[in-house]
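K.L.:
Going by my numbering, the sequence shown opens with residue 60, and the numbers climb by one from there.
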Amino acid sequence: MKRTVVLSLLLGCLLVVSFPCTAQTDVQSADTVIIDARLVPGAPKALPFPVGGTAPDGHKLYANRRYLIRDGQPWFPIVGEFHYSRYPEREWEQEILKIKAGGIQVISTYVFWIHHEEIEGQFDWSGQRNLRRFVQLCAEHGMYVWIRVGPWAHGEVRNGGLPDWLLLKTATRENNPTYLRYVTRFYQTIGEQVKGLFWKDGGPIIGMQLENEYSARGPGKGAEHILRLRKIARDAGLDAPFYTVTG
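1. Less than 9 angstroms separating the beta-carbons of VAL165 and TYR121?
2. Please return the same chain residues whose Cβ sits closer than 6 angstroms to the Cβ of TRP258, not counting the five positions on each side in sequence.
3. Output yes or no for whether 9 angstroms exceeds the beta carbon distance between ILE249 and ILE285.
4. The alpha helix (DSSP H) spanning LYS119 covers which residue range?
5. Return the residue from the list PRO100, ARG287, GLU233 and GLU152 that minimises the CA-CA distance to GLY277.
6. Measuring alpha carbon to alpha carbon, tell me which residue in ALA295, PRO210, PHE245 and GLU154 is nearest GLU179.
7. Please work out which residues of its chain come closer than 8 angstroms, Cβ to Cβ, to ALA352, disregarding the five sequence neighbours upstream and downstream, and give them in chain order.
8. Which term fits GLN253, buried or exposed, when burial requires 16 or more other beta carbons within 10 angstroms of its beta carbon?
9. Could you check the C-alpha separation between LEU66 and GLY139 for me, to the nearest Å?
10. Grab me the residues of ARG191's own chain with a C-beta within less than 8 angstroms of its C-beta, minus the 5 sequence neighbours each way, in chain order.
11. Which whole-angstrom value describes the C-beta separation of ILE173 and LEU239, a residue pair presumed to lie in contact below a C-beta threshold of 8 angstroms?
12. Whose CA, out of ARG217, LEU225 and ARG145, lies closest to the CA of PHE193?
13. For LEU127, which three-state DSSP category applies?
14. So, helix, strand or coil for ARG287, using DSSP?
15. Going along the chain, which residues of its own chain have a beta-carbon closer than 6 angstroms to the beta-carbon of LEU127, five neighbours each way excluded?
16. Assuming THR303 contacts GLN268 under a Cβ cut-off of 8 angstroms, what Cβ separation, rounded to an integer in Å, is found between them?
17. So, ALA198 versus PRO263, is the Cβ gap smaller than 9 angstroms?
18. Starting from the N-terminal side, write out each stretch of the beta strand (DSSP E) that is 3 residues or longer and does not extend beyond the region 96-183.
19. Starting from the N-terminal side, write out each stretch of the beta strand (DSSP E) that is 3 residues or longer and does not extend beyond the region 229-288.
20. State the start and end residues of the unbroken alpha helix (DSSP H) segment that holds ARG191.
Shown next, in the form of structure tokens:
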């Protein structure tokens, strides 16, 4: 199996709060950063919505419009990607140690729905699908975790990770009641698997990615759909300091 760790700066790939860093143009948004070496840059602006969280030991994570912040200091962690369900469970620990040795601080991982509920109503969290054990191993080696729960994940998996049976029942990736009912069940099951492993619990999970490569627009789609997914996730106990989505 080809083993590749994809390195990326967190703010370049995952952070849902984006900000432009561009040269001055005729049209500028309120958040445009003008880089001029003659001037001292202004203080970064606060986000217009709450973000972040506090661990039981008092450590804090939050963000502004420019960067993540850990205990009051700018924080630029390096993120590596590892898909637990694509590796034998016995190999996880050695791969986590390799990732850590490469200077990576955060491991992001997909939770592919099709890998866990290939047959409707029959969830499998055993063996190389044991998400909880994978997150616990990351914690044992001092690694943060960012879980990418989809529901549509891509990752070069069939149907973007959506189960075959789901596609026969409903439209997806929108606020369709039937689709959201199944998503709610899926998120609740994930919540049961990682209960107690979030930052607020003293665990390693600091972030959640909802959806992936999402650019749909229209009623029940776009930001409206992503906000609905976030509410479902939180209600299911998937409560992380940061929520992200890529477009």
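For glycine and all other residues, C-beta sits at the position ideal for the given N, C-alpha and C.
P.N.:
Concretely, from the data shown:
1. no
2. GLY112, ALA114, ILE265 and PRO300
3. no
4. Here LYS119 belongs to no alpha helix (DSSP H); instead the beta strand (DSSP E) covers 119-122.
5. GLU233
6. PHE245
7. The first residue shown for the chain is 60 and the last is 306, placing residue 352 beyond what the model contains.
8. For the record, residue 253 in the displayed sequence is Val; it is not Gln. Its Cβ being crowded by 16 or more others within 10 Å, VAL253 is buried.
9. Any reading at LEU66 must be qualified, since the residue scores a pLDDT of 37, below 50, and its modelled position is unreliable; no value is offered.
10. TRP184, GLN252, VAL253 and LEU256
11. Not a contact, Cβ separation roughly 18 angstroms.
12. Comparing Cα-Cα distances from PHE193 to each of ARG217, LEU225 and ARG145, the minimum goes to ARG145.
13. strand
14. helix
15. TRP134
16. 5 angstroms
17. yes
18. 119-122, 127-129, 132-134, 137-140 and 165-169
19. 264-269
20. 190-199
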